[in-house]
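Asks:
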Amino acid sequence: MHTGLNLTVTFNPAPDNHGYKIQRIDLEDQPIIDAVAENVTDTTRGTVLLKNTYKVS
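For the sequence shown, this note's numbering gives the first residue as 3, with consecutive numbering after it.
Written as structure tokens, this is what we have:
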């Protein structure tokens with residue numbers, strides 16, 4: 003989102019207590035990263051979430 007490139011963000015409804023999840027549809031296997039404290043790896047200039055080798059910031 004902070005690269006200056008155009009992008010589309012879509013918010014879809016989920017079941018109760020599902021939590022926030024981010025899906026990287028720009029990658030071939032479209033991984034889903036849970037937005038939980040355990041996945042936070044950096045907060046220097048924003049929040050970076052990491053799951054396995056997949057990152058979103």
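Ideal Cβ placement from N, Cα and C applies to all residues, glycine included.
1) How about Leu51 and Ile35: do their beta carbons lie closer than 7 Å?
2) On the DSSP bridge assignment, give the partners of Ile35 in chain order.
3) What are the residues that DSSP puts in a beta bridge with Asp44?
4) Could you tell me the distance, in whole angstroms, from the CA atom of Gln25 to the CA atom of Asn8?
5) DSSP on Val2, reduced to helix/strand/coil?
Replies: Concretely, from the data shown:
1) For the purposes of this step, residue 51 is taken as the residue at position 49 of the sequence shown. For the purposes of this step, residue 35 is taken as the residue at position 33 of the sequence shown. The answer is yes: Cβ separation under 7 Å.
2) Stepping through the sequence shown from its first residue, residue 35 is reached at position 33. The partner list for Ile35 (beta bridge, DSSP) reads Ile24.
3) Position 42 of the sequence shown, counting from 1, holds the residue named residue 44. Asp44 pairs with Val50.
4) Translated into the one-based positions of the sequence shown, residue 25 becomes position 23. Translated into the one-based positions of the sequence shown, residue 8 becomes position 6. Near 17 Å, if we compare the C-alpha coordinates of Asn8 and Gln25.
5) Residue numbering for the chain in the displayed model covers 3 to 59; residue 2 lies beyond these limits and cannot be assessed.
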